[in-house]
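According to mature numbering (1 follows the signal peptide of the UniProt record, and there is no 0), the residues represented by the sequence shown are -19 to -1, 1 to 141, in order. The C-beta atom is built at its ideal place from N, Cα and C for all residues, glycine as well. Okay, so here's the structure we're looking at.
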Amino acid sequence: MKKLFAGFAILGTVAFASAQTITFDNTVLDYGTVKPGADGNRVFTVKNTGDKPLIISSVKPSCGCTTPDFSREPILPGKTGQIKVHYDTKNLGATQKLIEVFSNDPENQRSVIHIKVNVDPNAPEPKVLTEAELKKAEAEKNAALKKSKKMVKKTKKATA
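Below, the structure written as structure tokens:
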């Protein structure tokens, strides 16, 4: 009988240790200072760092000025999903809103993410990049990434 109970205890521990786990790229998205009527759309990236499918069951904003949208498809282990948030930038002033995310993560069934925004009619116009500027920035980013990968390889060789 003792062996049976010990077996159930071990099985329960293993079952609890293997689960879905929700993580976010950011828990606060700062829009900065924007003009009234500016683009109010932003995206939170959600990752399942567990080993079972993660299901987001509900996403609830703290007020009607914030509208979330999310995929109801399970997020497989190691994969990512998105929570799209729209804030109504007609509301003047600085504010911070919270958004509750409900999932099947046993440790974080309720997670909280935030948006911050300051809607100001005197905000500077957003800089619009030309296609050439975008290509240059992309090339610089790729070069830095390539250099970083080379550094990692050198470090691995040096420590091996």
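### Task
Alpha carbon to alpha carbon, how far is K128 from K135? Give it in angstroms, no decimals.
Position 154 of the sequence shown, counted from the start, is the residue given in the question as residue 135. Position 147 of the sequence shown, counted from the start, is the residue given in the question as residue 128. When rounded, the distance between both Cα atoms is 11 Å.
### Query
beta strand (DSSP E) containing N29: first to last residue?
Residue 29 sits at position 48 when you count from the first residue of the sequence shown. Its beta strand (DSSP E) spans residues 22 to 29.
### Query
From what residue to what residue does the beta strand (DSSP E) around T4 run?
Translated into the one-based positions of the sequence shown, residue 4 becomes position 23. First-last of the beta strand (DSSP E) with T4: 3 to 5.
### Query
Based on Cα-Cα distance, which residue from A75, N7, G18 lies nearest to E106?
Stepping through the sequence shown from its first residue, residue 106 is reached at position 125. Nearest C-alpha to E106: G18.
### Message
Tell me which residues share the same chain as I36 and place their Cβ nearer than 7 Å to its Cβ, disregarding the 5 neighbours each side in the sequence.
### Response
Locating residue 36 in the sequence shown gives position 55, where the first residue counts as 1. Contacts found: P55, S84, N85.
### Task
Please go through the same chain and pick out, in chain order, the residues whose beta-carbon is closer than 6 Å to the beta-carbon of T48, but skip the five residues on each side of it.
Here residue 48 refers to the residue found at position 67 when the sequence shown is read from its first residue. If we look at T48 and ignore the five residues flanking it on each side, its Cβ neighbours are H67.
### Query
Going straight from the alpha carbon of V93 to that of V27, what length do you get?
Reading the sequence shown from its first residue, position 112 is the one you call residue 93. Reading the sequence shown from its first residue, position 46 is the one you call residue 27. Those two C-alpha atoms are separated by around 12 Å.
### Query
Hey, K33 and P102: beta-carbon distance below 8 Å or not?
Here residue 33 refers to the residue found at position 52 of the sequence shown. Here residue 102 refers to the residue found at position 121 of the sequence shown. No, the Cβ-Cβ distance between K33 and P102 is not below 8 Å.
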